[in-house]
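S.K.:
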Amino acid sequence: MNPYGNLTRVCNPAMLLAVGLFWGSLTSANDEFGYPPQVSLEEVQQRLEAVELVRPRLLATPDDWDRLRAAVADTPMLQEAAEGIVAQAIQMEEVPPITRTLQGRRLLSESRRALKRLTTLAMAYQLTGEARHGERARQEMLAVADFSDWNPSHFLDVAEMTLAMAIGYDWVYDQLDEPTRQVIRQAIVEKGVALPFETRHRGWVRAQNNWGQVCHAGMTAGALAVMEHHPDLAARTVHSAVQNVTAAMAVYEPRGSYPEGPGYWSYGTHFNVVLIDVLESVLGTDLGLTRAPGFDQTGAYLSLATGPSGLFFNYADGGSGRRVAPALFWFARRYERPDWLLGEESRLRDALARRSVRDVASGTDRLLPLTLLWFTELESEPEIRMPLHWHSGDSIPVTVHRSSWTDPNATYVGLKAGSPAGPHGHMDIGSFVLESDGVRWAVDLGAEGYHRIESRGLNFWNRSQDSDRWRVFRQNNHSHNTLVIDGQLQQAAGHAPIDRFSDDPEFPYSVTAMSEVYAGQLESARRGVALLPSREVLFQDELSGLEPGSRVRWGMVTRSEPRQAGSREIELRDGSARLQLQILAPSDVVWKTVDTATPREEWDSPNPGTVMVAFEALAPDSGELTLTVLATPGSCETSLRENLELRPLDAWPSNGRN
Numbered sequence: 000m001n002p003y004g005n006l007t008r009v010c011n012p013a014m015l016l017a018v019g020l021f022w023g024s025l026t027s028a029n030d031e032f033g034y035p036p037q038v039s040l041e042e043v044q045q046r047l048e049a050v051e052l053v054r055p056r057l058l059a060t061p062d063d064w065d066r067l068r069a070a071v072a073d074t075p076m077l078q079e080a081a082e083g084i085v086a087q088a089i090q091m092e093e094v095p096p097i098t099r100t101l102q103g104r105r106l107l108s109e110s111r112r113a114l115k116r117l118t119t120l121a122m123a124y125q126l127t128g129e130a131r132h133g134e135r136a137r138q139e140m141l142a143v144a145d146f147s148d149w150n151p152s153h154f155l156d157v158a159e160m161t162l163a164m165a166i167g168y169d170w171v172y173d174q175l176d177e178p179t180r181q182v183i184r185q186a187i188v189e190k191g192v193a194l195p196f197e198t199r200h201r202g203w204v205r206a207q208n209n210w211g212q213v214c215h216a217g218m219t220a221g222a223l224a225v226m227e228h229h230p231d232l233a234a235r236t237v238h239s240a241v242q243n244v245t246a247a248m249a250v251y252e253p254r255g256s257y258p259e260g261p262g263y264w265s266y267g268t269h270f271n272v273v274l275i276d277v278l279e280s281v282l283g284t285d286l287g288l289t290r291a292p293g294f295d296q297t298g299a300y301l302s303l304a305t306g307p308s309g310l311f312f313n314y315a316d317g318g319s320g321r322r323v324a325p326a327l328f329w330f331a332r333r334y335e336r337p338d339w340l341l342g343e344e345s346r347l348r349d350a351l352a353r354r355s356v357r358d359v360a361s362g363t364d365r366l367l368p369l370t371l372l373w374f375t376e377l378e379s380e381p382e383i384r385m386p387l388h389w390h391s392g393d394s395i396p397v398t399v400h401r402s403s404w405t406d407p408n409a410t411y412v413g414l415k416a417g418s419p420a421g422p423h424g425h426m427d428i429g430s431f432v433l434e435s436d437g438v439r440w441a442v443d444l445g446a447e448g449y450h451r452i453e454s455r456g457l458n459f460w461n462r463s464q465d466s467d468r469w470r471v472f473r474q475n476n477h478s479h480n481t482l483v484i485d486g487q488l489q490q491a492a493g494h495a496p497i498d499r500f501s502d503d504p505e506f507p508y509s510v511t512a513m514s515e516v517y518a519g520q521l522e523s524a525r526r527g528v529a530l531l532p533s534r535e536v537l538f539q540d541e542l543s544g545l546e547p548g549s550r551v552r553w554g555m556v557t558r559s560e561p562r563q564a565g566s567r568e569i570e571l572r573d574g575s576a577r578l579q580l581q582i583l584a585p586s587d588v589v590w591k592t593v594d595t596a597t598p599r600e601e602w603d604s605p606n607p608g609t610v611m612v613a614f615e616a617l618a619p620d621s622g623e624l625t626l627t628v629l630a631t632p633g634s635c636e637t638s639l640r641e642n643l644e645l646r647p648l649d650a651w652p653s654n655g656r657n
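Counting from 0, one number per residue, gives the positions in the sequence shown under numbering that gives the first Met the number 0.
1. Kindly indicate the opening and closing residues of the alpha helix (DSSP H) around H269.
2. Bridge partners of T305, per DSSP?
3. In angstroms with no decimal places, state the Cα-to-Cα distance between E568 and L580.
4. Would you kindly work out how many angstroms separate the C-alpha atoms of R290 and Q296, rounded to a whole number?
5. What's the call for P647, buried or exposed, on a 16-neighbour Cβ count within 10 Å?
6. My understanding is that W440 touches L571, with C-beta atoms under 8 Å, so please give their C-beta distance in whole angstroms.
7. Does the Cβ of G320 have 16 or more other Cβ atoms within 10 Å, making it buried, or fewer, making it exposed?
8. Anyone know if the C-beta pair for T609 and A584 falls short of 8 Å?
9. Starting from I395, trace the beta strand (DSSP E) both ways and give me its first and last residue.
10. Here's the rule I'm using: 16 or more other beta-carbon atoms within 10 Å means buried, otherwise exposed. How should N642 be labelled?
11. Counting pairs of beta carbons, one from the segment 480 to 488 and one from the segment 536 to 553, are three or more of them closer than 8 Å?
12. First and last residue of the beta strand (DSSP E) that includes D231?
13. Are there 16 or more other CB atoms within 10 angstroms of the CB of L52, so buried, or fewer, so exposed?
14. Which word fits A130, buried or exposed, when buried means at least 16 other C-beta atoms lie within 10 angstroms of its C-beta?
15. Quick one: residues in its chain with C-beta nearer than 6 Å to the C-beta of R240, no 5 flanking neighbours on either side, listed in chain order?
16. Just the C-alpha distance for N606 and T595, rounded to the nearest angstrom, thanks.
17. Going straight from the alpha carbon of M140 to that of S110, what length do you get?
18. Closest to S634 by C-alpha separation, out of D573, E92 and W590, would be which residue?
19. What do you get for W329, buried or exposed, if any count of 16 or more other CB atoms within 10 angstroms of its CB means buried?
20. Identify whether M555 lies in helix, strand or coil by the three-state DSSP scheme.
21. So which of A613, Y411 and V471 has the shortest CA-CA distance to P598?
22. When you compare the CB positions of G309 and Y34, do they come within less than 8 Å of one another, or not?
23. Expressed to the nearest angstrom, what Euclidean distance is found between the alpha-carbon atoms of S463 and V516?
24. Given a threshold of 16 other Cβ atoms within 10 Å of its Cβ, counted over all protein chains shown, does D231 qualify as buried or as exposed?
25. Smallest Cα separation from V244: which of E601, V272, G362 and R205?
26. Relative to the C-alpha of G211, which candidate in I187, V188, D176 and V273 has its C-alpha closest?
27. Give every residue of the same chain whose Cβ lies closer than 7 Å to the Cβ of A165, excluding the five residues on either side of it in the sequence, and list them in chain order.
28. Roughly how many whole angstroms lie between the Cα atoms of M122 and I84?
29. Does DSSP put D503 in a helix, a strand or coil?
30. Distance check for E447 and E600, CA to CA, integer angstroms please.
31. Name the one or two DSSP bridge partners that T592 has.
32. Decide if S147 is buried, meaning its Cβ has at least 16 other Cβ atoms within 10 Å, or exposed.
33. Within the continuous alpha helix (DSSP H) that includes Q138, where are the two ends?
34. Mark E522 as exposed unless 16 or more other C-beta atoms lie within 10 angstroms of its C-beta, in which case mark it buried.
35. Going by Cα to Cα distance, which pick from H238, T161, V171 and S108 is closest to G133?
36. Of all the options L120, T98, T375 and G342, which has the alpha carbon lying nearest to the alpha carbon of T74?
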């Protein structure tokens, strides 16, 4: 049965031309602005006054919806996505509207549920025209409007709820009677958009992290949804967004990286794209926001931060699991980079297949329906233009080295530098992830649950040296794939740059200078990571100025099974896959295992299935130590271990790149 009723029409060649002209007109409109945007409040007001007041207008105009309905009939992946969204909308009829239920100090889970439901239901309504989806969206919006507030003390909750209500109101507008519209409009204004101008809840306005992106997106969408009734508020909100979101967008400079890691990229960047797309759909221009340095490169970041296994290089407060990222379709279309969509169709299908009541009741994949608006058809084998070896170049630098983009057995290693004091930071300086033969051998345990820590009275968000944050096992260096000296913590205020980097295919490597993060424990610390032509990985640490007798632990957390502890070689196994770790220096140490599964303190979560393989070396009278480890994948046909010439880090060859 066709789920689109009589709204489906045959796609015609002119549709593709129209899409191209649409993007071309946006490019021209955006060219008149520089960066950062220098637009006055008066100019914003004039532009809003000139807007043709049509519905829908947020993210897609009536003409855009006509094109989408036509494209669905002619594009198999789009049709599959549309059918999945409609099926999820139908299942939402089994779930009652959300309630104002706080988890600790947050309403965020409920805001995310509302956003998922309203984007899904409203998209289903636009695709099919079926009143049942509009009616279910109306019920959800009235329930949310009846809340006493949307928890402005944690403004992310307000932002996501406001975006949910704005999309629902705008996309289902023609099925709402005027009294219902008035109730929803009043809630959007009084519990959302007006708050930053009329209350103290504006600390996020110049935020330099995901808060700025999420909150400006939510407020702008809400303001433009009700602009006919509140034109001055709409103008002030848009002006504030384009003037202030630049503080958060500065993180993309110079190469599109994200200091909070790929998980938070998915959060902040998706809302940043929503902000831009809302501005363009209503005003015909983003007022210059896409000119932010590095923003035109950030579409590659998720692929660069993903290993061949499909797992993220999850530094900072992030998990390793990767889900569909609708914004990648927007970036790929905008910048004509289909290679940024590697694996994304598969992840899209996985997301569409989640149709249990539990799945549809959650807030995960809440922007999934926007994939239909941003979709670009993939080439079967796009040319991969992303580098094998990449250095982020920002203030929280990371590097990645991989042996191939297409070989499923490729070796992949990511190195983390920067500072624990960075956004959502961990004491993970010098830590790494490692993959080969399709297995993530060296893992990062990820983030601790925020509510779990906060509910126990710990001050989790203070990043000073004596903060409770560093008492949490997953946050400190004892749980990461880096060094621990005499059981001490890294220095929270320290910073480690990438001081050498080479993308020479003969010997690609990265070196980070970690002395500041071990200040007071030694004089100098450097870690080098090199990817060898054999797909082996060489780790080399050079330490000086240690107190004689200091105990230095080298550790790596894994989910695989370690064998042969007690010798200089240890084998890790995961099914039929193997990885050999050999200590090349010093000569008087052996591998041992350290329990990472059992919680250290009652506030720590368990880490089932994990163990650390480690060794400890004592500093000699000279205070100098070199620790060298070679990781050999089981599929490596010819290891270089017998002929490997160990050289100081300063003697590693340079191709002139840093």
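We put the CB at the ideal spot given by N, CA and C, even for glycine.
M.R.: For this structure:
1. Per DSSP, the continuous alpha helix (DSSP H) segment holding H269 begins and ends at G260 to L282.
2. For T305, which the question treats as bridged, DSSP gives the partners F311.
3. 6 Å
4. R290 and Q296: Cα-Cα distance of roughly 11 Å.
5. exposed
6. 6 Å
7. exposed
8. no
9. Neither: I395 is in no beta strand (DSSP E) and is coded neither H nor E.
10. exposed
11. Flag = yes, the segment 480 to 488 and the segment 536 to 553 touch.
12. Careful: D231 lies outside any beta strand (DSSP E), inside the alpha helix (DSSP H) at P230 to N243.
13. exposed
14. exposed
15. Per the sequence presented here, residue 240 reads as Ala, with Arg not at that position. Closer than 6 Å at the Cβ level, and outside the excluded window around A240, lie H215 and T219.
16. Rounded to whole angstroms, N606 to T595 spans 6 Å at the Cα level.
17. 11 Å
18. Nearest C-alpha to S634: D573.
19. buried
20. strand
21. V471
22. no
23. 13 Å
24. Classification of D231: exposed, given that the 10 Å Cβ count is below 16.
25. R205
26. V273
27. In chain order, L57, I187, A220, G221 and A224 place their CB closer than 7 Å to the CB of A165, counting only its own chain and leaving out the 5 sequence neighbours on each side.
28. 8 Å
29. coil
30. 13 Å
31. V612
32. exposed
33. A130 to A144
34. Flag for E522 reads exposed.
35. Here the closest residue by C-alpha is V171.
36. T375
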